[in-house]
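See structure below.
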Amino acid sequence: MAYFPQGKTTVHARCNTGERKLFEALKRHLPDDHLVWHDLPIGDAGLQPDFVILSPRQGLLVLEVKDWKRSTLAGADKHRVQLNVERGVVTSPHPLAQARQHVLALVDRMQLDPALVAAEGRFKGKLLFPWGWGCALVNLKRDSVSDPGFAEIFPPERTLLRDDLEDDTDTELFSQRLWSMMQVNFPHTLTLPQQDRVRWHLFPTLRVEPQQAALQLGEAKPNGPIRMHDMMHVMDMQQEREARRMGDGHRVIHGVAGSGKTMILVFRAQHLSKAAAAVGRPVLVLCYNRALAERIAYLLQQRGVDGADHGVVVRSFHSWCEDMVRTYQLEVKAPRSPADAYFAELAATVERALASGFVPKGQYTAVMIDEAHDFEDAWLRMAVELVNPATKALLVLYDHAQAIYKKQNRKTPFKALGIDVVGGRRSTILRTNYRNTAEVLSLALRCAGELMPQGPASDSAADMNDSELGALLDGASGDAPVSVVRPDSAGRRGPMPVLHEADSPRTEALWQAQRIAQLQAEGVRLGQIAVVFRYKAAMEPLEEALRVHGIPFQSMRTIKPRDLQWADDAVRILTAHSVKGLEFSHVLVGAIDAFEEAKHQSAADELRLLYVAMTRATLWLALSARRAGPLVDQVRGQLERLRAEWAELG
């Protein structure tokens, strides 16, 4: 059976009567390596055909569906069709002309991508795979349209009729009729990376970090080929499935670091934004730290969703609480210092106002929580109350291994918080880490030690039914904390991480600045470089060293998270807490010895924090220390063992 990334139930519900006939035939006859999308905007122009089919062997096919009856057709040429309707004769675009327009726009675009065109031979510069277009006239039988004039307007090789869609139609015959629509036919099998690149062109909303891509939404076509390194990643099939099939109701996604949780959230928020803006009930996106909130807001802005006027509000939890205090004139009975006491009373004040009805419940079309493992139980209960009760559209994303703010693991089952994820298709585990190279992830896991289960503990999740998976995510086994899922590497390779042991803050800063200057000389954008410290106080020596080198930077020691300018090409100097949820191609983690000196924090908490810092790197990781210590010894030892083991593997 063909794979429908939107979900078969969703597609069936969205189809009109005519489209449903073709949907059932595609479901019945196509094998499971075929991908089928229904009624989605494709390409940068946002054209919206009825069906798009991608086959690794047959190629790309675009189909339009019409449920016209013979008596409805008043006349036609190759561009337009005249239809008899109640109000008289109306003109409609020819479905084959529509489908051709859709596929040609895609072909023109994809032929600029060197990875998708032939480099030599007869088809040099042309797509590596066949492509075509066609239509399905689901209410017309062959014996009713046998006149030659009809075949001239609707060529048989590009037109499916009702006879082709009957339940008893032979699969081989259906396949012959379907693939006869291809413009050209030649043998080629698309690899999985090539299929992902086709999906990148098909669906701009699936692109990762679209603001950094060479081909941004709304930009004019480039004049030359797309360079390989300009192409950005696209959601994998599991991520696309989760993002597309989300309907109303509560959803929980447990995703390991780098599995695409934030990407799914951004996709979903963008998808809901237009409808939310139309009804004046925005989508609320919440997270714990402000830097992540600003980053999510920036990603949405790059996708054309800029604030509440466009249907989405992005806030850190406490910033949202302050919004409520200002809007509804609440009194917070605590001074702003000490900060911990103030924020606790701030949250409690809003919680009481929400319970009493002073802050309205159900004021948001949807609520989405990123890094929910850092949320208190009371905050999650509040989030449930904020969602429109007609939709109950609550999305909770978390990874227990990255819980760095809470002093104890969450032990309260989701159900006790009002979040219903047991049963149905409301809970998912994303186990594959796509962010980090195998080298970076391997070192991070080794340094995390007992923080992670040994071995692929999450394998059983793949075999669970929905109820079992929901029970796992809900922590249904009494008071046991939610399970930690060990991430699986996607296998992407990169340089081995390095460790530099300095003898003072100054010498460490000089080494870091030299490495950054070297990266800049090699063509790395400064905006893709981050330096992460345990404390703000440790940042000053590096700031001075970067000034000496003339390298622009933004440091959290002097800039608040909300004032970070993500569009600027500058090195970011961040704390390990503020870097949660962010990613950079090149990351330096400085003064790692400070991770073992934290007051009022357990060793496990510090290892978790170091793990978060290390897994921000998508390509290149460098660690440095200012003095010797047990943690530095541990990192050095793990790195040496990793190098030795991988050297043996070649």
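Counting in the working numbering, the sequence shown runs from 502 upward without gaps. The C-beta atom is built at its ideal place from N, Cα and C for all residues, glycine as well.
Counting along the chain, the unbroken beta strand (DSSP E) around histidine 751 starts and ends at 751 to 756. In this structure, glycine 519 and aspartate 578 do not form a Cβ contact; the two beta carbons are roughly 22 Å apart against a cut-off of 8 Å. Looking at the backbone, the Cα of alanine 526 and that of glutamate 565 are separated by about 14 Å.
Ranking Leu773, Pro1042, Ser838, Thr913 by CA distance to the CA of proline 1006 puts Pro1042 first.
Between the alpha carbons of leucine 898 and leucine 1083 lies a gap of roughly 15 Å. Excluding its 5 nearest sequence neighbours in each direction, glutamine 1066 has C-beta neighbours in its own chain below 8 Å: Gln1055, listed in chain order. In the DSSP secondary-structure assignment, leucine 666 is not bridged to any residue.
Taking all protein chains in view, the Cβ of proline 914 is crowded by 16 or more other Cβ atoms within 10 Å, so the residue is classified as buried.
The beta carbon of threonine 573 lies closer than 8 Å to those of Leu584, Asn585, Val586 in the same chain, with the five residues before and after it left out. Cα atoms of arginine 529 and methionine 502: separation of roughly 6 Å, rounded to the nearest angstrom.
Exclusion of the five residues before and after glycine 950 leaves Leu1108 as the residues of its chain whose Cβ lies within less than 7 Å of its Cβ. Here DSSP, grouped into helix, strand and coil, assigns methionine 1115 to helix.
Rounded to the nearest angstrom, the Cβ distance from tyrosine 829 to alanine 856 is 13 Å, too far for a contact under 8 Å. Apart from sequence neighbours up to five positions away, the residues of its chain that approach leucine 1132 with a beta-carbon distance below 7 Å are Ile1093, Asp1094, Phe1096, Glu1097, ordered along the chain. With fewer than 16 other CB atoms across the displayed protein chains lying within 10 angstroms of its CB, serine 647 is exposed. In the three-state reduction of the DSSP assignment, valine 512 falls in the helix class. Given a length threshold of 3 residues, each whole run of the beta strand (DSSP E) inside the stretch 582 to 611 is given here in chain order: 589 to 594. The DSSP assignment places 813 to 817 as complete runs of the beta strand (DSSP E) inside the stretch 797 to 856, in order along the chain (cut-off: 3 residues). By the criterion of a C-beta distance shorter than 7 Å, cysteine 822 is surrounded in its chain by Leu847, Ala848, Val851, once the five residues flanking it on both sides are discounted. If you ignore the 5 residues before and after valine 590, its C-beta comes within less than 6 Å of the C-beta of Ala575, Gln583, all in its own chain and listed in chain order. With a 10 Å radius around the Cβ and a threshold of 16 neighbouring Cβ atoms, asparagine 937 comes out buried.
Here arginine 791 is buried: its Cβ has 16 or more other Cβ atoms, across all protein chains shown, within 10 Å.
In the displayed model, lysine 522 falls within a helix according to three-state DSSP. For valine 814, the CB contacts under 6 Å within the same chain, skipping 5 residues up- and downstream, are Pro783, Leu785 in chain order. Taking 8 Å as the upper bound for CB-CB distance, phenylalanine 524 and histidine 539 are in contact here, some 7 Å apart. When Cβ pairs closer than 8 Å are counted between the two stretches, the stretch 830 to 842 is seen not to touch the stretch 1104 to 1124, the count staying below three.
Going by DSSP, phenylalanine 630 is part of no beta strand (DSSP E) at all; its letter is neither H nor E. Burial is judged here by how many other beta carbons sit within 10 angstroms of a residue's own beta carbon; alanine 867 has at least 16 and is buried. As the crow flies, the alpha-carbon of glycine 919 is around 33 Å from that of alanine 1104.
Secondary structure at isoleucine 1030: strand, using DSSP grouped into helix, strand and coil. Under the criterion of beta carbons closer than 8 Å, alanine 1046 and alanine 1022 do not qualify as touching, at roughly 16 Å. Contact between the stretch 757 to 776 and the stretch 790 to 808 is established, with three or more Cβ pairs separated by less than 8 Å. Sorting Pro1062, Thr1059, Ile1030 by C-alpha distance to the C-alpha of isoleucine 1052 places Ile1030 at the top. Counting along the chain, the unbroken alpha helix (DSSP H) around glutamate 1044 starts and ends at 1041 to 1050. Distance from glycine 544 to histidine 702 at the Cβ level is roughly 7 Å; contact confirmed, criterion being Cβ atoms closer than 8 Å. The three-state secondary structure of lysine 1061, taken from DSSP, is coil.
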